[in-house]
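Numbered by full-length UniProt numbering, the letters in the sequence shown go through residues 1 to 393 in order.
Here a beta-carbon is modelled for each residue, glycine too, at the ideal position from N, C-alpha and C.
For clarity, every value in this text was computed on a predicted model and none was experimentally measured.
A short worksheet on the structure shown next.
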Amino acid sequence: MKNAPTILQVIPWLDSGGVERGTVDIAKAIIDAGGKALVASERGRLSADLEEMGGVQLEFEGRTKNPFKILHSHAKQIEKMIKEQGVDLVHARSRAPAWSAYLAARRAGVPFVTTYHGAYSQKGRFKAFYNSVMAKGDVVIANSGYTRDLVAGRNPDAKDRLTVIYRGVDLEKFDPAVISKERIQALRSKWGLAERPVLLLPSRLTRWKGQAFILPVLGVLKKQGLSFQVALIGDDQGRQSYVEELDALTLAHGLQDMVKRVGHCADMPAAYALADVTIVPSQDAETFGRSAAESLAMQTPVLVGDLGAQPEVVAAPEGFEGDSWLGQSLTHGDEKAWQDALVKSLTSKADKTSEQAIKARDHVAKTFSLQSMGQQTMAVYDQLIGSTLVAKE
């Protein structure tokens, strides 16, 4: 039994995003439990956060898709890390570096864990094989019930190794009580938002996230005379043609004075506090729904598409009665449904101090908390290496 194990997480790039944030969150859980947290990846926005909490980043060309590097030089590089750093367990979170990590862990004789974060297109035998590494873990962590069922359907042999651990929200950070009016106003000023209702769409700018779907819907609402503005949060990640399409849609629907493309946001708690409604109109399956969980934690109403795991996140808890729950799942491509829901949200303007808002935050605390994610992940590590990262009562 090892009370202070060394855990190596492997991802492509320690930049902004759900996978990256989850990696840092688990690194903190490892450190808080008395272990040593290593991350092999390219450096990015979150590298400083990792190092500030006591984690160690091992620089690694994680974004390459070069088969020779993945299967040979990178596998050897990770195997060397395992031996030199005394790694007890390897945890991979993305396909290309997962292949390197899988080979290295097997050669070094240490347990291998994967977290299945994405739905991953699976067209053709090669793609199915490429994806299959994410189901090769001694334990395969699925970030939702939807993901678990998806993995089990594609990889029946992994069924008994699957466990669901929802991604966690930092309830200390995403807490309405700690967000000052000054923080909210600073963000409003930075984004050039007027004093009228704010719709928040917090997703990177890519077609399946639904920005191009929702802009025509908002155009109809403007014609109906509704007063609102929308902040499109997220990097374009080089998708210039899509950005140009969004700008053209904004112009075509007369939304120039209502739509703000604000790029990356470093203060998402303040963004949710500023928002009257969060919208996540994804046109493809989300394997979790972090934005929805964060919004509910901040007691801000949220509308999501009905694909993937997002309905799991916004579903009212058992025993809740009435139609005033802050989360709602809508048919993803139904423009009329989105129009009606947005009209209702904008005209009723939910009270963020209401009993329903308080229950929404309590539900997130019970189901989608950072503490819960960390404890459940530490339990997986303990199961495989006999450590005591989870404190025994």
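Beta strand (DSSP E) segment containing residue i, residue limits
i, result
"residue 327", "327-330"
"residue 381", "Element bounds for residue 381: not the beta strand (DSSP E) but the alpha helix (DSSP H), 370-385."
"residue 91", "89-92"
"residue 278", "277-280"
"residue 303", "302-305"
Span of the alpha helix (DSSP H) around residue i
i, result
"residue 291", "290-297"
"residue 78", "74-85"
"residue 403", "As displayed, the chain neither begins before 1 nor continues past 393, which places residue 403 out of reach and without an answer."
"residue 312", "310-314"
"residue 364", "355-367"
"residue 346", "335-348"
"residue 185", "181-191"
"residue 48", "47-52"
Three-state class that DSSP yields for residue i in the structure shown
i, result
"residue 395", "In the structure as shown, the chain begins at 1 and stops at 393. Residue 395 is therefore absent and cannot be evaluated."
"residue 243", "helix"
"residue 126", "helix"
"residue 144", "coil"
"residue 42", "strand"
"residue 321", "coil"
"residue 249", "helix"
"residue 102", "helix"
"residue 272", "helix"
"residue 165", "coil"
"residue 22", "helix"
"residue 17", "coil"
"residue 283", "coil"
"residue 57", "strand"
"residue 111", "coil"
"residue 389", "coil"
Inter-residue CB distance, residue i and residue j (contact presumed, cutoff 8 Å)
i, j, result
"residue 78", "residue 114", "Actually they do not touch by this definition, with Cβ atoms about 14 Å apart."
"residue 145", "residue 312", "6 Å"
"residue 58", "residue 81", "6 Å"
"residue 12", "residue 43", "The pair is not a contact, with the Cβ atoms about 11 Å apart (cut-off 8 Å)."
"residue 255", "residue 219", "6 Å"
"residue 278", "residue 200", "5 Å"
"residue 8", "residue 133", "16 Å between Cβ atoms; not a contact."
"residue 297", "residue 171", "6 Å"
"residue 246", "residue 187", "No, residue 246 and residue 187 are not in contact; Cβ-Cβ is about 21 Å, not under 8 Å."
"residue 40", "residue 60", "4 Å"
"residue 390", "residue 139", "Not confirmed; about 14 Å, so no contact."
"residue 270", "residue 358", "Residue 270 to residue 358, Cβ: 20 Å. No contact."
"residue 207", "residue 166", "Not confirmed; about 26 Å, so no contact."
"residue 250", "residue 275", "In fact, because the Cβ distance is near 19 Å, the residues do not count as touching under 8 Å."
"residue 35", "residue 5", "5 Å"
"residue 20", "residue 174", "That pair is no contact at about 17 Å."
"residue 135", "residue 10", "At roughly 16 Å, the Cβ-Cβ gap does not stay under 8 Å, so residue 135 and residue 10 are not in contact."
"residue 399", "residue 338", "Nothing in the structure corresponds to residue 399, since the chain is present only between 1 and 393."
"residue 273", "residue 179", "4 Å"
"residue 66", "residue 288", "Residue 66 to residue 288, Cβ: 29 Å. No contact."
"residue 70", "residue 96", "6 Å"
Strand pairing of residue i, partner residues [DSSP]
i, result
"residue 261", "232"
"residue 213", "Residue 213 is not bridged to any residue."
"residue 7", "37 and 89"
"residue 116", "142"
"residue 200", "231 and 278"
Proximity test, residue i beta-carbon vs the ligand GDP heavy atom, cut-off 7 Å
i, result
"residue 147", "Looking for the ligand GDP in the displayed structure turns up nothing, as the structure carries no ligands at all."
Do the segment 109-122 and the segment 276-292 touch if we need at least three Cβ pairs shorter than 8 Å? yes
If we count Cβ pairs, one from each stretch, closer than 8 Å, do we get three or more for the segment 287-305 versus the segment 313-328? As far as the Cβ criterion goes, the segment 287-305 touches the segment 313-328, which means the pair count is three or higher.
Three or more C-beta pairs under 8 Å: does that hold for the segment 327-346 against the segment 223-231? In short, these stretches touch, since the Cβ pair count reaches three.
With a cut-off of 8 Å, do at least 3 Cβ pairs link the segment 95-115 to the segment 150-157? With the cut-off at 8 Å, the segment 95-115 and the segment 150-157 do not touch.
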